[in-house]
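Q:
Residue numbers (UniProt numbering): 1 to 88.
So, in structure tokens, the structure goes:
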């Protein structure tokens, strides 16, 4: 439950920051089998102009074995994609 609470707190803080700068902000929660594919489907449904997605900073081997949602999205999206690296 802590993870959901943290996610909700982060969504609120992030959305408030964007709204204070005059940007529109919408968050949705969708359950799907393949995260990247689900994200792209939602992007089309909402007619998004851009996707901003975080990266976990996986190494090449882990990314190859586990797959990378940001990698999938960046190669398959029909809109601009901004990948935000993990904090250092």
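Every residue, glycine too, gets a C-beta built ideally from N, C-alpha and C.
In this text the structure is predicted, and so the values were computed from the model without any measurement.
Rounded to whole angstroms, what is the Cα-Cα separation between residue 48 and residue 69?
A: Between residue 48 and residue 69, the C-alpha separation is close to 18 angstroms.
Q: For the stretch 23-61, which segments carrying the alpha helix (DSSP H) assignment without a break, of at least 4 residues, lie completely within its bounds, in sequence order?
A: Segments of the alpha helix (DSSP H) lying fully in the stretch 23-61: 35-45.
Q: Taking residue 45 as the reference, give the member of 17, 77, 53 with the closest Cα.
A: When only C-alpha atoms are compared, the closest one is 77.
Q: Please determine, among 27, 13, 28, the residue with the shortest C-alpha to C-alpha distance to residue 21.
A: Per the Cα distances, 13.
Q: Within this structure, are the beta carbons of residue 89 and residue 53 separated by less than 9 angstroms?
A: This structure cannot speak to residue 89, because the chain is shown only from 1 to 88.
Q: Counting only the same chain and skipping the five closest in sequence on each side, list residues whose C-beta sits under 7 angstroms from that of residue 50.
A: Around residue 50: 79, 80, 82.
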